[in-house]
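Single-structure report; data block below.
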Amino acid sequence: MGRLMETYVDAQLKFDSKLVNIVKEHKHLFDRTHKLFEDGGTRRETWEVIAQQLQKTDSYCEKRWVYIINRLYDEIFWMLKYESPSPWLLYPQLDFLCEYIDWEDVNGLCNELMEFDLATALEGV
Numbered sequence: 058m059g060r061l062m063e064t065y066v067d068a069q070l071k072f073d074s075k076l077v078n079i080v081k082e083h084k085h086l087f088d089r090t091h092k093l094f095e096d097g098g099t100r101r102e103t104w105e106v107i108a109q110q111l112q113k114t115d116s117y118c119e120k121r122w123v124y125i126i127n128r129l130y131d132e133i134f135w136m137l138k139y140e141s142p143s144p145w146l147l148y149p150q151l152d153f154l155c156e157y158i159d160w161e162d163v164n165g166l167c168n169e170l171m172e173f174d175l176a177t178a179l180e181g182v
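FYI, my numbering numbers position 16 of the sequence shown as 73, with every residue one higher than the one before it.
This is the structure we're talking about:
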């Protein structure tokens with residue numbers, strides 16, 4: 058990896074780590090049972106505060122959070138499939154989210170992935 062790319066990756070990881078630490082303080086952004094989870098106005102205000110702290114736009118911060126959550130699910134699937142710990146450096150920092158993950162959804166998606174046969178899907182293509 059080139060020096061420039063390495064610098065970018067390090068900066069992104071640091072940003073993501075800061076973002077996780079800040080979002081962790083705002084349970085209504087990830088706890089679906091929280092009374093403010095569905096309150097769009099409160100959520101928007103929270104993202105604006107987070108954006109100010111991180112000196113980015115609220116849109117960027119929210120998109121990064123969605124990316125991190127999607128990546129978390131990808132890592133969970135990977136760990137289940139390969140029965141191995143995640144190599145993702147941010148994964149240990151996200152352990153607080155385990156109690157908020159809908160494990161029935163994860164199990165259903167994992168079963169679908171395990172049953173998916175790429176060769177059959179590509180037949181006739």
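Ideal placement from N, C-alpha and C gives every residue a C-beta, glycine not left out.
*Please report the residue range of the alpha helix (DSSP H) in which PHE134 lies.*
Position 77 of the sequence shown, counting from 1, holds the residue named residue 134. First-last of the alpha helix (DSSP H) with PHE134: 115–139.
*Assuming TRP145 and GLU132 form a contact by the criterion Cβ under 8 Å, report the distance between their Cβ atoms to the nearest whole angstrom.*
Taking the first residue of the sequence shown as 1, we reach residue 145 at position 88. Taking the first residue of the sequence shown as 1, we reach residue 132 at position 75. Right, their Cβ atoms sit about 5 Å apart.
*Specify, as a first and last residue, the run of the alpha helix (DSSP H) that LYS75 falls within.*
Stepping through the sequence shown from its first residue, residue 75 is reached at position 18. 60–80 is the extent of the alpha helix (DSSP H) around LYS75.
*Beta carbon of ARG100 nearer than 9 Å to that of LEU86*: Walking along the sequence shown from the start, residue 100 turns up at place 43. Walking along the sequence shown from the start, residue 86 turns up at place 29. Taking 9 Å as the Cβ cut-off, ARG100 and LEU86 qualify as a contacting pair.
*What's the call for VAL80, buried or exposed, on a 16-neighbour Cβ count within 10 Å?*
Residue numbering aside, residue 80 sits at position 23 when the sequence shown is read from its first letter. So VAL80 counts as buried.
*Can you have a look at GLU119 and say buried or exposed, based on whether 16 or more other CB atoms are within 10 angstroms of its CB?*
Stepping through the sequence shown from its first residue, residue 119 is reached at position 62. GLU119 comes out buried.
*Euclidean distance between Cα positions of ASP73 and ILE126*: Position 16 of the sequence shown, counted from the start, is the residue given in the question as residue 73. Position 69 of the sequence shown, counted from the start, is the residue given in the question as residue 126. Cα to Cα, ASP73 sits roughly 11 Å from ILE126.
*From VAL66 to GLU105, what distance separates their C-alpha atoms?*
Against the sequence shown, residue 66 aligns to sequence position 9. Against the sequence shown, residue 105 aligns to sequence position 48. Distance between the alpha carbons of VAL66 and GLU105 is about 25 Å.
*Take the Cβ of LEU129 as the centre, count every other Cβ of all protein chains shown within 10 Å, and call the residue buried at 16 or more, exposed below.*
Here the question's residue 129 lines up with position 72 in the sequence shown. LEU129 should be labelled buried.
*Assigned exposure category for LEU61 - 16 Cβ within 10 Å defines buried*: Working through the sequence shown from its first residue, we reach residue 61 at position 4. Answer is exposed; the Cβ neighbour count stays below 16.
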